[in-house]
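These notes are about the structure you will find just below.
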Amino acid sequence: MKTIDWTKDELVAYILLFAANADFKESVAERNLIISKVDVETFKDIHEEFKLDNDYQGLKKIMTSLEQHNYDKDDIDLLLEDIKAIFFADGDFDITEQNMLLYLKRLFKTV
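Shown next, in the form of C-alpha cells:
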C-alpha cells in the first residue's frame, strides 16, 4: 500500500474509531474518550475518512501507518491499553469486542 499521510494523532484516532465500531455501534462515551486522546478537529476529519473505508481498507491503513511511524512494542502496548479503554467505555465488553482485541493484539505483533 502507498504511504498514509497521517500524524500520530490521526493514526490513534483512526485505530480507536476502528475499535469503537467493533460491535457496530459507536457510543457517546467512546467518542468522548477518543476526543480526550486527540483534538476535536482531528477526530472529525478522521471520522469522515473512517466512514468511507471498509474493514480491509481500514486495517491496511492502520498497519501501513504503524510501520511508517515506527511503532515499537512499547508503543503498541500503550495503544492496546487505549483500545481496551474504548471497549470498556460503554460499560459492555461483549464477545465481539473481546475477539477484536485478540485479533488486534495478534495483528500488531507483526509490526
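When we follow my numbering, the leftmost residue of the sequence shown carries the number 2, and every step to the right adds one. Glycine included, each C-beta is placed from N, C-alpha and C at the ideal position.
- Non-local C-beta neighbours of residue 27 in its own chain, meaning closer than 8 Å and more than five positions away in sequence, comprise 18, 21, ordered along the chain.
- With contacts defined by Cβ atoms closer than 7 Å, residue 23 and residue 98 form a contacting pair.
- Collapsing the DSSP output to three states places residue 33 in a helix.
- Classified as exposed, residue 49 has fewer than 16 neighbouring CB atoms from the shown chains inside 10 Å of its CB.
- Rounded to whole angstroms, residue 44 and residue 6 show a C-alpha spacing of 15 Å.
- Where residue 41 is concerned, the enclosing alpha helix (DSSP H) starts and stops at 41 to 53.
- The closest CA to that of residue 31, considering only 79, 100, 112, 94, is found on 94.
- For residue 63, the enclosing alpha helix (DSSP H) begins and ends at 56 to 69.
- Distance from the CA atom of residue 9 to the CA atom of residue 3, rounded to whole angstroms, is 17 Å.
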